[in-house]
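Here our numbering is used: the first residue of the sequence shown is 44, the next is one more, and so on.
For each residue, glycine too, the CB sits at the ideal point set by N, CA and C.
Only one structure is covered here, and it is reproduced in the block below.
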Amino acid sequence: MINDQQRPQKTLAFRVFSVSAVFIYVLVFWLLSRPFTGWLSLGKADEKGLLAAIRYDKSNASYHFLLGRYYLMSLNSPDYPKAIARYRASIQMSPLQAGAWIDLSKAYQANGQTAQSQESFERAVKLSPNNADLMWEAGTYWLINNRLDMAVAALKRYILLVPARQTDVYDLCWKLRLDNRSILQDLLPDSFEYRSQYLSYLISTNHVTEAREAWETIDVQSLDKDLFIKYVNFLVAHNLYDEAWKIWEEITRQIEGTGAYDETTIIWNPGFEHEMLNGGFDWKISEIAGVNVFIDDTIRMSGNHSLGVSFDGQHNPDITIARQIVRAKPSSPYSLRGYVKTDSLTTTNGIFLLVSGHNCSNFNKSSEVLTGSNFWKELSVDFDVPSDCGAVMIAVRREKSSKFDNKIEGTAWIDGMTLKPRGIIQTSNSVKH
44 MINDQQRPQK
54 TLAFRVFSVS
64 AVFIYVLVFW
74 LLSRPFTGWL
84 SLGKADEKGL
94 LAAIRYDKSN
104 ASYHFLLGRY
114 YLMSLNSPDY
124 PKAIARYRAS
134 IQMSPLQAGA
144 WIDLSKAYQA
154 NGQTAQSQES
164 FERAVKLSPN
174 NADLMWEAGT
184 YWLINNRLDM
194 AVAALKRYIL
204 LVPARQTDVY
214 DLCWKLRLDN
224 RSILQDLLPD
234 SFEYRSQYLS
244 YLISTNHVTE
254 AREAWETIDV
264 QSLDKDLFIK
274 YVNFLVAHNL
284 YDEAWKIWEE
294 ITRQIEGTGA
304 YDETTIIWNP
314 GFEHEMLNGG
324 FDWKISEIAG
334 VNVFIDDTIR
344 MSGNHSLGVS
354 FDGQHNPDIT
364 IARQIVRAKP
374 SSPYSLRGYV
384 KTDSLTTTNG
394 IFLLVSGHNC
404 SNFNKSSEVL
414 TGSNFWKELS
424 VDFDVPSDCG
434 AVMIAVRREK
444 SSKFDNKIEG
454 TAWIDGMTLK
464 PRGIIQTSNS
474 VKH
């Protein structure tokens, strides 16, 4: 039982304990609420709000960073020295922030402190070498600051990290007039994947000289047909026929089943005996609605195959069924011959052979038109190559009809195509059928 003397002592102890507990509670609450109070102050994202947030939570690196950004990015009155001070404070608390180093670099740059700006940017890159966005920003930063070596290193790292965005890098380099040889030697990784993509880019942007330089760095053993054909077509389109032909011969020797050049006919794959590459100096085939082009191994004039084309009777197509670019000597006479078989080919607009100049004067000459049913009839075109032509296009065509009964139906086969200088051409009378 508690006596009267003990009761005041117990009461005093309880009061002391209560006061201490309240003090500790308030202290803990204050410590825990400082970041939250700072966060509430941050809701007003101006200088006053950010300074209030820092007062409540001085050790929060993010608040210093945000205040630095406020001083740097302020539209009305940017204060670069204050921005630098806040970024440095943020970095002192958290030195591994690549973003803070980048912003510090920008603040130094804006304040005219180029050396400090570059040093800060280098720190950012070292902290985050696998950040593709940072590598892109680094590339543009060093280009602007005339540090080509650093820019190339950053952009090379970027295309290694994001191969799908190579074109963006090439666009940037060309807009800033970066030398093509620097791109080939220093920027591009030494692998077919990147060099072939750059070659495709140069072709698509029509840079002829640079594409030829890039081709010299390509590993032809890794070359795929699509890029090969694209490059030869590109050279042909720019009248570089001899260069295109040299590459054509070199690569086609390595492609099984593509045949070889027959000097007696000048035409590549004249009897459609080999796989067609659909471009370059081989036949290019076209198909549209109502037209089916095929290789036939049952109906042929000679060899094992012919080129067949069938029409469904529901359409009136204007179509170049097959065409090929052939090198020719300017101002020289030639004769084109081909054999065509037809079966129930309707309308007055049937099949014919056409010769036209390639990228030269308006020159077109055609054979007679075949319709109805015919057994391997020879079609011919005698012509003189214009003086400004280094190549001609030979073609098998059907022109659109303007008549009422214009829906073409039936089948035709083409075989035994030849193109020779006139004077040594073999006539149909000497051909055994």
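Among the options, the one whose alpha carbon lies nearest that of residue i
i      : options                           : result
Ser163 : Asn189, Asp192, Val195 and Tyr130 : Tyr130
Asp122 : Leu147, Gly142, Lys101 and Ser265 : Leu147
Thr389 : Gly314, Ser353, Leu191 and Pro206 : Ser353
Ala434 : Ala257, Leu283, Tyr113 and Ile331 : Leu283
Ala414 : Asn407, Asp431 and Phe395         : Position check: residue 414 holds Thr in this sequence, whereas Ala was assumed. Ranking the options by Cα distance to Thr414, first place goes to Phe395.
Glu236 : Glu253, Arg440, Leu215 and Leu266 : Leu266
Ala477 : Ala207, Ser133, Arg112 and Arg296 : One cannot answer for residue 477 here, as it falls past the ends of the chain, which runs 44 to 476.
His358 : Ser444, Phe324, Gln367 and Cys432 : Ser444
Leu118 : Met319, Asp100, Asp89 and Leu245  : Asp89
Arg441 : Ile457, Thr210, Pro138 and Asn276 : Ile457
Thr391 : Pro360, Lys372, Phe406 and Gly381 : Pro360
Val334 : Asp355, Val439, Ile342 and Phe324 : Asp355
Tyr241 : Asp214, Leu219 and Lys218         : Asp214
For residue i, the three-state DSSP class (helix, strand or coil)
i      : result
Glu162 : helix
Val412 : coil
Arg255 : helix
Gln367 : strand
Trp456 : strand
Ile290 : helix
Lys384 : strand
Leu462 : strand
Ile362 : strand
Ile45  : Note that Ile45 scores 49 on pLDDT, short of 50, meaning its location in the model is unreliable and no value can be drawn from it.
Glu90  : helix
Gln297 : coil
Leu510 : Look at the range of the chain in this structure, 44 to 476, and you will see that residue 510 is not part of it.
Leu231 : coil
Lys240 : The sequence given here has Gln at residue 240, not Lys. In the structure shown, Gln240 sits in a helix (DSSP, three-state: H, G or I).
Lys101 : coil
Ser120 : coil
Ala96  : helix
Ser225 : helix
Ser247 : helix
Leu266 : coil
Leu170 : helix
Cβ separation of residue i and residue j, assumed to be a contact under 8 Å, to the nearest whole Å
i      : j      : result
Ser399 : Met436 : 5 Å
Ser479 : Val424 : With the chain covering only 44 through 476, there is no way to say anything about residue 479.
Ala150 : Val168 : Wrong, their Cβ atoms sit about 17 Å apart, outside the cutoff.
Ser349 : Gly453 : At roughly 16 Å, the Cβ-Cβ gap does not stay under 8 Å, so Ser349 and Gly453 are not in contact.
Val336 : Ile364 : 6 Å
Lys199 : Leu230 : 5 Å
Ser239 : Ile261 : 7 Å
Phe480 : Lys408 : Summary: the structure shown does not reach residue 480, with the chain confined to residues 44 through 476, and so no result is reported for it.
Met136 : Ser171 : That pair is no contact at about 18 Å.
Gly393 : Val412 : 5 Å
Trp326 : Asn312 : 6 Å
Leu462 : Ile310 : 5 Å
Gly459 : Met344 : 5 Å
Ile202 : Cys216 : Ile202 to Cys216, Cβ: 11 Å. No contact.
Phe406 : Pro373 : Going by Cβ atoms, the distance from Phe406 to Pro373 rounds to 11 Å, so no, they are not a contact pair.
Phe271 : Ile294 : 5 Å
Ala455 : Thr385 : 5 Å
Limits of the unbroken beta strand (DSSP E) element including residue i
i      : result
Glu421 : Gly415 to Asp427
Trp217 : Per DSSP, Trp217 belongs to no beta strand (DSSP E); it is in the alpha helix (DSSP H), Gln209 to Lys218.
Gly346 : Gly346 -> no beta strand (DSSP E), and no H or E assigned at all.
Limits of the alpha helix (DSSP H) - the one that residue i falls within
i      : result
Ala128 : Tyr123 to Met136
Gly142 : Ala141 to Ala153
Leu204 : Leu191 to Leu204
Phe447 : Where Phe447 is concerned, there is no enclosing alpha helix (DSSP H), given that its DSSP letter is neither H nor E.
Ile261 : Segment: none, Ile261 is in no alpha helix (DSSP H) and carries neither H nor E.
Met116 : Ala104 to Met116
Glu318 : First-last for Glu318: undefined, no H or E at that position.
Leu177 : Ala175 to Ile187
Gln156 : From DSSP, Gln156 is part of no alpha helix (DSSP H); its letter is neither H nor E.
Residue i - partner residues in DSSP beta bridges
i      : result
Pro376 : Asp427
Leu397 : Ser409 and Ala438
Gly351 : Phe337 and Trp456
Ile328 : Ala365
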